[in-house]
Structure formats: C-alpha cells, structure tokens
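Be aware that the sequence shown starts at 429, since it is given in the numbering used here, and climbs by one per residue.
For every residue, glycine included, the Cβ atom is placed at its ideal position computed from N, Cα and C.
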Amino acid sequence: MIILFVLFAFISSCGDVFVEKDLLERPQAKRCSDCHAEIFKEWEKSRHAMAWKSEKFKLESEEYTKTKCLSCHAPHQVDPEIKPSLRVEFREDGVSCVACHFKEQTKAMHGPHKVWSPPHPSKQDFNYTKSFFCAGCHQETYKEWHLTKVQKSCQDCHMPSMGDKRLVQKFPFEYFHSKKPRHDHSFPVGIAKSEDIKIELEREENLRLKVTNIGIPHNLPTADQGDPKLYIIVDAELPNGESSKIVRVLSYQARNALVYGVPTYIELPWHEVKSLKLSIQRKLSWKEEREKIKEMTLK
Numbered sequence: 429m430i431i432l433f434v435l436f437a438f439i440s441s442c443g444d445v446f447v448e449k450d451l452l453e454r455p456q457a458k459r460c461s462d463c464h465a466e467i468f469k470e471w472e473k474s475r476h477a478m479a480w481k482s483e484k485f486k487l488e489s490e491e492y493t494k495t496k497c498l499s500c501h502a503p504h505q506v507d508p509e510i511k512p513s514l515r516v517e518f519r520e521d522g523v524s525c526v527a528c529h530f531k532e533q534t535k536a537m538h539g540p541h542k543v544w545s546p547p548h549p550s551k552q553d554f555n556y557t558k559s560f561f562c563a564g565c566h567q568e569t570y571k572e573w574h575l576t577k578v579q580k581s582c583q584d585c586h587m588p589s590m591g592d593k594r595l596v597q598k599f600p601f602e603y604f605h606s607k608k609p610r611h612d613h614s615f616p617v618g619i620a621k622s623e624d625i626k627i628e629l630e631r632e633e634n635l636r637l638k639v640t641n642i643g644i645p646h647n648l649p650t651a652d653q654g655d656p657k658l659y660i661i662v663d664a665e666l667p668n669g670e671s672s673k674i675v676r677v678l679s680y681q682a683r684n685a686l687v688y689g690v691p692t693y694i695e696l697p698w699h700e701v702k703s704l705k706l707s708i709q710r711k712l713s714w715k716e717e718r719e720k721i722k723e724m725t726l727k
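This is the structure we're talking about:
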C-alpha cells in the first residue's frame, strides 16, 4: 500500500503528463476497453452497440437514407432531453461510450461518480442517474413514463445495479479510488412479468376482457422507432363442444398499446363459454420469434 501511495502522489504531481490525449478526440469504443474492460464487454452485447450496424436498422432506414432516424443511432453527444446530432466518425459503434460520456463543453468524461482519473479529466454529473438523460432519443417512451408519476427511473430497470465494483481494470489506475456502485451497461430490454398485466373477464352483452398494465411504467409495448408488438390470443371452448380463437395485436405504431394503469377492453364474440385459455406474447422489433409473458385459463 505504501508503494501505491507513493505512486499516487507521484502521478498527482505530474499534472497533465499522464493524460492520454486521444481519449479527448472521440476515439472508437474499443479504446475505452483498455481501462474499462468489464463495462466495455457489457456494452458490446447491448442494443446500443448494434444501433447503427444491425441489419434491421439498415432495412428500416432504407440503407441509412431516412435521415430523421440516424442521429439517435450514432449520436455525436447525448444530452438530457436534446435530440443529438449525427456524428461523422465511427458510426458503426452506434450509441458509444464517448457519445454518452464525453462532453465538448468541458473536454472531459462525465459520469455519476466523483473520481480522479489521470488518463482523462472526469466530471461528476448526477444527470446520469435520472430518466430525462434518456429523453433525447427515447422521447416518446420518456413522455409515457413521465405521465405515470412512478418514481422508478429508466436506469432502475434498464441499467440494473451490479453492486459495488471497480470502474477500471488496469494497473495501477484501478486502485486510485474505491469500488463504486456499478450498473449494467448491456442495457437489458427486460420482459414484462405475468403479474405486470392484470386480466379480468367481464360480462356486458357478450363477454369481454379487461386488460390493464399495472407493472410497466410506460406503454406496453413502447418504441420511438421500430414496431414491437404484443399479442393477446384467446382460445375458447364453447358450450356446443366447438372451439374458437381470436387474436388481438397491440403495437406502438397502431396506437393501441397498453397504457400504464388504464384498462384496455377486448370485446369477445361469445355470450357463453366453457372456458377461455389466454396467452399474452411479445415480439421485439429486431426479433422474429415471440416470447411468452402470461398464460392463464378463465372459466
């Protein structure tokens, strides 16, 4: 520890000698892995990393000709509630480390922790813990979340806690500050749980389903681009022994998604049934297969 203290004091006295100037010139994301190896590995698996180069985005942007879509898929600088401009360099990195953490105004890396970092200046910025940081690109989803008045932030769900960990994995810099609360940089999409969707069977002239999103604090499904879908599939066993099925498709594009806390009613074409089997499934924009959220039988 004495050796580390002496080394720390020496580096502190050297001013800008240890600054790696290319870090202040918006390098490729891979450059950040030299010190932040664990965070880079998480990000590399994320949809942010694939934002520009995914085949689905190439198709939907018509080979990058739909210009209104481009800037959020390769942003120059991400700031709260401001739609970013499209960057020139390294677009294949998508929503990269530097896009989120480097600020032109300060020529420094920003993040939620107060740290001393010899390779580059660092600034503490509590905006990284707040939902409005995401609102520049995820504008519609942010508006939906804001209307719910739920205290849980975007980061609580999509950057879940990983406990206290070191931010750096490079000697000797990893020892220059204590472990800090770390959050998942793979930005998991998450999937609604069965208990997030409340289902009730009601009788009017015919039967109807009352479907309420009670657990996801934005529309379900939600999107600013793309077209994720929610499928509600109802199989009925009728009194005469026959069976019948209906399928309702909910989507952001169709403007019929489940709004948080607001019931959606699905009219059923039957007056009497022996039983109803219900399946709720989702399909993400970039996947072909569906995933099951909930299955139940109503009698």
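According to DSSP, which residues form a beta bridge with residue i?
i: T725; result: K705
i: N641; result: I625, Y688
i: A620; result: A620 is not bridged to any residue.
i: S606; result: According to DSSP, S606 bridges with nothing at all.
i: D663; result: K673, K705
i: E695; result: R636
i: L595; result: In DSSP, L595 forms no bridge with anything.
i: R475; result: DSSP, once it has assigned bridges, lists no residue as partnering R475.
i: E700; result: Its beta-bridge partners do not exist; DSSP assigns none.
i: G564; result: Paired residues: none, contrary to the question.
i: H538; result: K551
Put residue i into one of helix, strand or coil per three-state DSSP.
i: S614; result: coil
i: F468; result: helix
i: Q552; result: strand
i: S713; result: coil
i: Y570; result: helix
i: A457; result: helix
i: S679; result: strand
i: A527; result: helix
i: D521; result: helix
i: E532; result: coil
i: H586; result: helix
i: L514; result: strand
i: K657; result: strand
i: D507; result: strand
i: E448; result: coil
i: L648; result: strand
i: K720; result: strand
i: E483; result: helix
i: L490; result: The sequence given here has Glu at residue 490, not Leu. Reduced to three states, the DSSP call for E490 is coil.
i: S441; result: Low local confidence applies: a pLDDT of 45 at S441 is under 50, so the model's placement there is unreliable, with the coordinate-based value given in what follows. DSSP places S441 in coil when its eight states are reduced to three.
Take residue i and list the residues in its own chain whose beta-carbon comes closer than 6 angstroms to its own, dropping the five residues that flank it on each side.
i: I660; result: R676, I708
i: R718; result: Q709, K711
i: E520; result: W480, K481
i: Q552; result: K542
i: S440; result: With a pLDDT of only 49 at S440, under the threshold of 50, the placement of this residue in the model should not be trusted; the figure read from the coordinates follows. For S440, where only same-chain residues beyond five positions count, there are no Cβ hits under 6 angstroms.
i: K607; result: D592, K593, R594
i: M537; result: H529, F530, H548, S550
Got a sec? Which residues, its chain only, sit under 7 angstroms from residue i by beta carbon, not counting five neighbours each side?
i: A651; result: Y680, S713
i: N634; result: E695, L696, P697, W698, H699
i: E470; result: D612, H613, S614
i: P645; result: W573, T576, V578, K580, Y688
i: P609; result: S589, D592
i: F561; result: P508, N555
i: S622; result: I721, K722
i: Q567; result: D652
Here's the rule I'm using: 16 or more other beta-carbon atoms within 10 Å means buried, otherwise exposed. How should residue i be labelled?
i: R454; result: buried
i: Y693; result: exposed
i: M724; result: exposed
i: V516; result: exposed
i: L686; result: buried
i: P512; result: buried
i: N764; result: Since the first residue of the chain shown is 429 and the last is 727, residue 764 is not available in this structure.
i: V596; result: buried
i: V523; result: buried
i: D729; result: An answer regarding residue 729 cannot be provided, because it is not within the stretch 429 to 727 covered by the chain.
Excluding sequence positions up to five away, which residues of its chain have a Cβ less than 8 angstroms from the Cβ of residue i?
i: F554; result: P540
i: L498; result: S489, Y492, L514
i: V617; result: R475, H586, L712
i: T534; result: P549, K551
i: D655; result: S679, Y680, Q681, S713
Return the Cβ separation of residue i and residue j in integer angstroms, given the expectation that the two are a contact with Cβ distance under 8 angstroms.
i: K598; j: D507; result: Not a contact, Cβ separation roughly 28 angstroms.
i: C662; j: L706; result: Position check: residue 662 holds Val in this sequence, whereas Cys was assumed. V662 to L706, Cβ: 6 angstroms. Contact.
i: A664; j: V701; result: 5 angstroms
i: H501; j: F485; result: 6 angstroms
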